[in-house]
């Protein structure tokens, strides 16, 4: 059970071998994160259910700890962190779509912004709006697909584009666009 796995993780730095890596776990975000924070002999595949609001650090640990489905009590919890942290937190298999707002504390690249947009339907706030973005027209459109803070940095389109793509890119940046 979760209490036993948490106790084992809290008391060892070594590799943990389990009879079954598919046991479902349920508990608070702190309990589930603590239970999955160890080093297992094989990938943990059990589904997890979180019974309260989570932090970004807890969600990262849970996502890194299992390949099973993650059920959250609240999919609208706002997350704040670097682009890599936000992606790590939202990279799991969730039982429902994540809807929380996200604040990105660094300048993401196109792939990162695209991944964040794909992972949440919430608003995305860029604290650094002037980072340079470069990518294909389709990737740039996907990066700006959600509700994202107006971008002010330069944008470089690396391939041929159509008018709809160029309009979307232009609508989402105040920076210079290089075609």
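Numbering (this note's numbering), first residue to last: 2 to 180.
Using N, Cα and C, we set each Cβ at its ideal position, and we do this for glycine too.
Counting the other Cβ atoms within 10 Å of the Cβ of residue 132 gives 16 or more, which makes it buried.
In this structure, the straight-line span from the alpha carbon of residue 64 to that of residue 90 is close to 6 angstroms. Assigned with DSSP and collapsed to three states, residue 114 falls in helix.
Under DSSP, the beta-bridge partners assigned to residue 99 are 121. As the crow flies, the alpha-carbon of residue 175 is around 16 angstroms from that of residue 138. In the DSSP secondary-structure assignment, residue 94 is bridged to 70. The alpha-carbon separation between residue 43 and residue 22 amounts to approximately 7 angstroms.
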